[in-house]
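Chains as they are written, first to last, in this note's numbering: chain G, 65 to 530; chain V, 412 to 575.
Quick look at the structure:
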């Protein structure tokens, strides 16, 4: 409750009816309203997620936020690491909790504006609100942008928006600006998106935990302790450099071992091709789906309304894939069956410079064999992945991690840390060629099989060592 | 296959040489907003619209030997310059891309400073707002750049030309 002088309240009580007064008090103090006792969510990564603000509690209860329970954080990764079933809901609460803890530490430091507390918490909680099922594939195929949907949910006609506007008129736009990185206080922005932010720290640790991999861990508490706010960014006290080195190592390890795992990528390739095929059949006009793909129509047409977007969650997508196994179209049927039953594509390393001619030969051989290369011969590159690892970059390109030296100067991390310098100098790109090995082996023309395999595997067998 | 890579290569075959990653980032964004179908996804960063996807794609093209990257030491920072290689030209020839002719736009962009392109790109980023609010937003997100009224008017003109 806000400390109002007693006389004012009395006076107001006389003017307003009791009911109006109550409403007025509610509005005036909603942004400061605390729950009668602290609520906690049990969390395997942070032990507990603590909520005391009424606003946060109400935001979590909205349909738009609850929807995140039905969207997996890592999409197809669970086909490789079966533990990776955690949702965007878990992660969003985690980011909120990290920001809450950082703010507690920043409270009395210069440059931190205490008035931005609730705004930072809301932005942390809601930063991934616009993610859909298998976000990245959907974005690529249907040319969408989940961040745009995050904005639309926050400022549009939603329960989330009503709650934020109750805090103060225009507050929802502020939250959207922080998430969109266009808010005036850059320090607030950098808590949620920078090279070492709450978002990345949570997903790295959480994804390592749920996949069960033993790398990817770092001491987040330590990093929080050495974070220092300066006017437009968070920097790291130089004595904390080793904790940050671990974080950079974690990003590097998780990138290659989890996010870019070729089996996960194979599932992603098939998923993307299913969506492409369904869209193509729809656009063709001559094809009749056994079940009208109602939930997909606005996606096929490229004009997705907010309510349609919110309706499409992972279970809906899975439902269609399940049914498309019985479709008349051979490609849609086969790809859906592969995805559901995890009969994935195999892969070989591919160099688009040295092996361009081989690729063109393969393309023709696939066509000759009756296997449509548009769907069954697919190159996947590192740039198709929405993850990256740390690089210092060029001046004025994007903000790197800075160490705060004892003399008060700032130094870019890789210029001070040999480990980080070594990692950021490494080659970080990769291309692979995906194809259905089983289909090729089933071909009756054994000469053709030999010819294709010769190109794919050269003299030796599959080389999948990086 | 690799169509998005090919589109970027085609850009370099038109632009010949691009000086600085920042300038390249802004050029592709401005072209994209002017209707050239590049598919890289842009977000707002400290220095305006920036695409991580583009950064990575450029790195791939360099590693494949399609682009040549030269690192220039500018005393307090490094600048990276790009040119297309012979292998890059050969790669590009394999594709029949359906791209509009945007050579004139590239020529115009190349003549401008990266500071100015940063302004133009930022204004494009907020182009769903009425113009007064766009300008206000530019000052909010880039207080340190201190863009003058003259520069902003020039940017408005430039945007108009790019959209032609």
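Glycine included, C-beta positions come from ideal geometry on N, C-alpha and C.
- Among the residues of the stretch 390–421 of chain G, those with a Cβ less than 8 Å away from any Cβ of chain V are 415, 416, 417, 420, in the order of the chain.
- Here residue 346(G) is not near residue 150(G), since their CB atoms are 7 Å or more apart.
- A straight-line Cα-Cα distance of about 21 Å links residue 251(G) and residue 463(V).
- Per DSSP, the beta-bridge partners of residue 293(G) are 298(G).
- Residue 432(G) sits in a helix when the DSSP states are folded into three classes.
- Shown here, residue 105(G) sits in a strand according to DSSP, grouped into three states.
- Judged by DSSP secondary structure, residue 403(G) falls within the alpha helix (DSSP H) whose first and last residues are 394–405.
- The beta-carbon of residue 546(V) is placed no less than 7 Å from the nearest beta-carbon of chain G.
- When secondary structure is reduced to three states using DSSP, residue 479(V) falls in the strand class.
- The beta carbons of residue 188(G) and residue 256(G) sit closer together than 7 Å.
- Here residue 445(G) carries a strand assignment [DSSP, helix/strand/coil].
- Residues of the stretch 229–245 of chain G with a C-beta atom less than 7 Å from some C-beta of chain V are 244, 245, listed in chain order.
- Think of a sphere of 7 Å around the beta carbon of residue 492(G): the chain V residues whose beta carbon falls inside it are 470, in chain order.
- Within the stretch 296–369 of chain G, the runs of beta strand (DSSP E) that reach at least 3 residues and sit entirely inside it are, in chain order, 298–301.
- Residue 429(V) and residue 442(V) have their C-alpha atoms spaced approximately 14 Å apart.
- Judged by DSSP in its simplified three-state form, residue 447(V) adopts coil rather than helix or strand.
- Our two residues, residue 334(G) and residue 426(G), have alpha carbons roughly 19 Å apart in a direct line.
- For residue 476(V), the C-beta contacts it makes with chain G under 8 Å involve 417, in order along the chain.
- In the three-state DSSP reduction, residue 277(G) falls in the coil class, being neither helix nor strand.
- In terms of beta-carbon proximity, residue 517(G) stays away from the interface with chain V, with every pair separated by 7 Å or more.
- Within 9 Å of the CB of residue 498(V), the CB atoms of chain G belong to 417, in sequence order along the chain.
- With a threshold of 7 Å between beta carbons, residue 550(V) makes no contact with chain G.
- In the three-state DSSP reduction, residue 208(G) falls in the coil class, being neither helix nor strand.
- Only those residues of the stretch 204–219 of chain G whose C-beta falls short of 9 Å from the nearest C-beta of chain V are listed: 204, 207, 209, 211.
- DSSP, read as helix, strand or coil, puts residue 541(V) in coil.
- Following the DSSP letters along the chain, one finds residue 430(V) inside the beta strand (DSSP E) bounded by residues 428–430.
- DSSP places residue 195(G) in no beta strand (DSSP E); its state is neither H nor E.
- The Cβ neighbour count for residue 341(G), taken over all protein chains shown within 10 Å, is at least 16; the residue is labelled buried.
- Membership of residue 563(V) in any beta strand (DSSP E) is not indicated; the residue belongs instead to the alpha helix (DSSP H) covering 560–574.
- Close CB contacts of residue 537(V) within its chain, under the 6 Å cut and outside five residues either way in sequence, are with 545, 548 (chain order).
- Residue 495(G) has 445(G) as its beta-bridge partners, per DSSP.
- Distances from the CA of residue 511(G) to each of 119(G), 489(G), 433(G) were compared; the closest alpha carbon is that of 433(G).
- Beyond the five residues adjoining it in sequence on each side, residue 121(G) comes within less than 7 Å, by CB distance, of 99, 103, 115 in the same chain, given in chain order.
- Following the DSSP letters along the chain, one finds residue 410(G) inside the beta strand (DSSP E) bounded by residues 410–413.
- When 8 Å is used as the limit between beta carbons, residue 463(G) is near these residues of chain V: 456, 457, in chain order.
- The beta-carbon of residue 508(V) is placed no less than 7 Å from the nearest beta-carbon of chain G.
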